[in-house]
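Novice: Under my numbering, the first residue of the sequence shown is numbered 316, with each subsequent residue one higher.
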Amino acid sequence: MTTATPRTTDVSERTFPSGFRWGAATAAYQIEGAAHEDGRTPSIWDTFSRTPGKVRNGDTGDIAADHYHRMPEDVALMAALGLTDYRFSVSWPRVQPTGRGPASQKGLDFYRALVDELLAKGIHPVLTLYHWDLPQELEDAGGWPERDTAHRFAEYTALVADALGDRVGTWTTLNEPWCAAFLGYAEGVHAPGRTEPEAALRAAHHLNLAHGLGVGVLRRLVQPSAEVSLTLNLAAVRPLSDGPTDVDAARRIDALANRVFLDPVFHGRYPHDLRADTAALTDWSFVRDGDLAIISRPVDSLGINYYTPTVVAAGSHPLPSAWPAAQDRAMFLPARGPRTAMDWPVDADGLYELLTRLRDELPDTPLLVTENGAAYDDYADPHGAVHDPERISYLGAHLEAVHRAMAEGADVRGYFLWSLLDNFEWAYGYSKRFGMVHVDYASQRRTPKDSALWYADVVARSGLPRS
Ligand code: FCB
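1. Can you find a heavy atom of the ligand FCB that lies under 7 Å from the Cβ of Asn548?
2. Would you report the Cα separation of Pro697 and Leu779, rounded to the nearest angstrom?
3. Tell me whether Ala319 sits in a helix, a strand or coil according to DSSP, three-state version.
4. Kindly list the residues whose CB is nearer than 7 Å to the CB of Asp606, restricted to its own chain and excluding five residues on each side of it in sequence; keep chain order.
5. With a cut-off of 8 Å, do at least 3 Cβ pairs link the segment 488-505 to the segment 454-462?
6. May I ask you to check if the CB of Ala342 is nearer than 7 Å to at least one heavy atom of the ligand FCB?
7. Cβ of Glu740 within 7 Å of any heavy atom in the ligand FCB?
8. Looking at the ligand FCB, does it come within less than 7 Å of Phe425, judged from the CB to the closest heavy atom?
9. Are the beta-carbon atoms of Leu528 and Ala469 separated by less than 8 Å?
10. So, Val532 versus Ala476, is the Cβ gap smaller than 8 Å?
11. Are the CB atoms of Gln420 and Gly480 within a distance shorter than 8 Å?
12. Could you tell me the boundaries of the alpha helix (DSSP H) in which Met386 lies?
13. Would His632 be called buried (16 or more neighbouring beta carbons within 10 Å of its own) or exposed?
14. Using the Cα positions of His439 and Leu735, report the straight-line distance between them to the nearest angstrom.
15. Express the C-alpha separation of Phe331 and His787 in angstroms, rounding to a whole number.
16. How many Å lie between Leu589 and Asn372 at the Cα?
17. Go ahead and pull the three-state DSSP assignment for Met721.
18. Look at the alpha carbon of Cys494 and the alpha carbon of His505, and state the distance between them as a whole number of angstroms.
19. Would you kindly work out how many angstroms separate the C-alpha atoms of Pro653 and Pro704, rounded to a whole number?
20. Is the beta carbon of Glu491 within less than 7 Å of some heavy atom of the ligand FCB?
21. Measure the Cβ-Cβ separation of Leu398 and Ala767 and say whether it is below 8 Å.
22. Between Asn687 and the ligand FCB, is the CB less than 7 Å from at least one heavy atom?
23. Give the list of continuous alpha helix (DSSP H) stretches no shorter than 4 residues that lie fully inside the segment 407-450.
24. Could you tell me whether the segment 382-394 touches the segment 341-349, using the rule of 3 or more Cβ pairs below 8 Å?
25. From this set, Gly688, Tyr622 and Leu571, which residue's C-alpha is nearest Pro635's C-alpha?
26. Kindly examine the ligand FCB and report whether one of its heavy atoms sits closer than 7 Å to the Cβ of Trp360.
27. So Glu686 and Phe739 are in contact, right, with Cβ under 8 Å, and what is the actual spacing, rounded?
28. Let me make sure I understand the geometry here. Which of Tyr770, Leu577, Tyr745 and Leu648 has the alpha-carbon closest to that of Leu669?
29. Look at the Cβ atom of Ser611, then the Cβ atom of Val661, and state whether they are nearer than 8 Å.
30. Can you tell me which of the three DSSP states Arg402 falls into?
31. Our contact map puts His526 next to Thr488 with C-beta atoms below 8 Å; I'd like the distance itself, whole angstroms only.
32. Taking the beta strand (DSSP E) that Thr685 falls in, what are its first and last residues?
33. How many Å lie between Ala645 and Tyr667 at the Cα?
34. Output the boundary residues of the alpha helix (DSSP H) element that contains Glu542.
35. Assuming the contact rule is C-beta atoms closer than 8 Å, Ala518 and Ala496 should be a hit. Round their C-beta distance to whole Å, please.
36. Out of curiosity, what's the CA-to-CA distance linking Met316 and Gly630?
Laid out in structure tokens, this is it:
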């Protein structure tokens with residue numbers, strides 16, 4: 316259990332408590348490249364990105380930001396920015412090619428070297444086991460809708476925990492299981508690109524089960540002081556009005572986006588209303604006796620990824636098929652505010668709403684903001700500088716929202732900016748730049764954007780500059 320970080324009572328104006336963790340986040344498939352090296356086998360994202368029409372411009376993660384070969388340079392960048400923490404993910408098919416059997420020592424060596432480099436620079440490694448790159452062979456055997464995939468995840472977790480359990484202090488089982496289940500198996504806009512709503516619900520359950528099995532393995536194999544966590548992209552759901560139909564539409568979305576994970580993990584049950592809403596799709600018989608006890612094994616913190624709020628109204632406007640049980644019952648409306656290059660409205664209040672909700676619902680669970688950031692159309696000017704004032708203003712507003720929630724009692728222990736580097740933004744390929752460090756993909760040259768220099772200053776003072 317982590318108890319070192321002080322509680323939030325010592326928040327003073329615009330300053331974060333000492334010990335607050337300041338990080339940046341990345342994910343293996345988005346930055347590593349080296350897709351065919353050292354025994355790595357294809358993941359579902361290698362297959363999906365090679366499927367015509369799935370990823371913008373036909374981009375793949377084959378080279379990405381070439382982090383696999385430039386890791387020491389990238390860790391040196393983090394150190395120069397003063398980061399206290401770095402959140403990265405391990406590529407399952409690099410460490411356990413094909414998703415079964417023994418570990419690839421070369422794969423593990425890369426992560427050992429990364430972790431050692433971080434520790435040598437005084438940066439705390441925050442390791443995510445699953446950030447969406449399922450070995451293709453496991454998808455060929457049925458993927459997350461199959462129960463066995465959760466057991467395969469537990470086996471893979473043991474390989475990584477054995478290798479790195481003595482030196483990694485924070486372990487996250489899954490990143491955003493909502494995207495893996497619903498974007499991957501219902502809407503099909505993420506790998507593996509299936510459009511089977513019932514399979515998406517089974518996938519969600521097996522991801523929950525994988526999480527719980529993973530927690531059990533980690534408790535057994537990693538240092539007892541390690542923090543064990545899970546990262547969810549909870550939706551900050553706002554009903555358009557107080558009217559009962561809008562409120563009911565928001566309830567439905569909240570069940571499908573949030574409570575499908577929060578309730579089993581933290582309360583050992585699936586919500587009754589979720590089961591009722593999805594009754595036409597499934598009887599949930601894939602939930603077996605004992606599963607919920609495994610899924611609700613205690614965690615030490617919860618990671619939240621937040622980008623934009625979700626405004627919901629009653630209505631029959633077609634919803635993306637990621638929302639199987641809400642069709643004809645709910646529709647999304649755009650939030651107000653300026654837009655990022657993803658066309659996502661900028662609205663920091665949503666982050667405040669989420670953090671204060673979790674303060675109330677999970678008062679004993681420390682929180683980490685494990686992702687927050689924005690894409691803009693950044694470019695290097697003739698002098699090589701990258702000016703990104705919109706990103707600075709996005710980050711400043713969201714850090715103020717975190718600060719406000721902490722001042723009102725939310726137990727937030729850290730903030731991780733998405734992302735350290737420009738990278739492969741899933742179905743958008745390289746067309747969207749989320750990095751605070753610009754990557755010129757032709758030369759792989761890294762250039763800290765103005766926002767990186769701004770963030771380094773925030774980290775150094777552990778607070779926001781007075782405006
Ligand atoms: C999140 C993902 C992350 C990144 C950001 C923009 O959903 O976890 O990998 O793509 O969105």
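Yeah, the Cβ is synthetic: ideal placement off N, Cα and C, and Gly gets one too.
Specialist: Let's see:
1. yes
2. 30 Å
3. With a pLDDT of 42 at Ala319, under the threshold of 50, the modelled position of this residue cannot be trusted; read the value that follows with caution. Residue state, collapsed to three classes: coil.
4. Leu524
5. yes
6. yes
7. yes
8. no
9. yes
10. yes
11. no
12. His382 to Leu396
13. exposed
14. 15 Å
15. In the structure as shown, the chain begins at 316 and stops at 782. Residue 787 is therefore absent and cannot be evaluated.
16. 38 Å
17. helix
18. 8 Å
19. 13 Å
20. yes
21. no
22. no
23. 407-410 and 420-435
24. yes
25. Leu571
26. no
27. That pair is no contact at about 15 Å.
28. Leu577
29. no
30. strand
31. 4 Å
32. Leu682 to Glu686
33. 24 Å
34. It is not in any alpha helix (DSSP H) - Glu542 instead sits in the beta strand (DSSP E) that spans Glu542 to Leu547.
35. 4 Å
36. Unreliable placement is indicated for Met316, whose pLDDT of 38 sits below 50; the coordinate value is still reported in the next sentence. If you take the alpha carbons of Met316 and Gly630, they lie about 45 Å apart.
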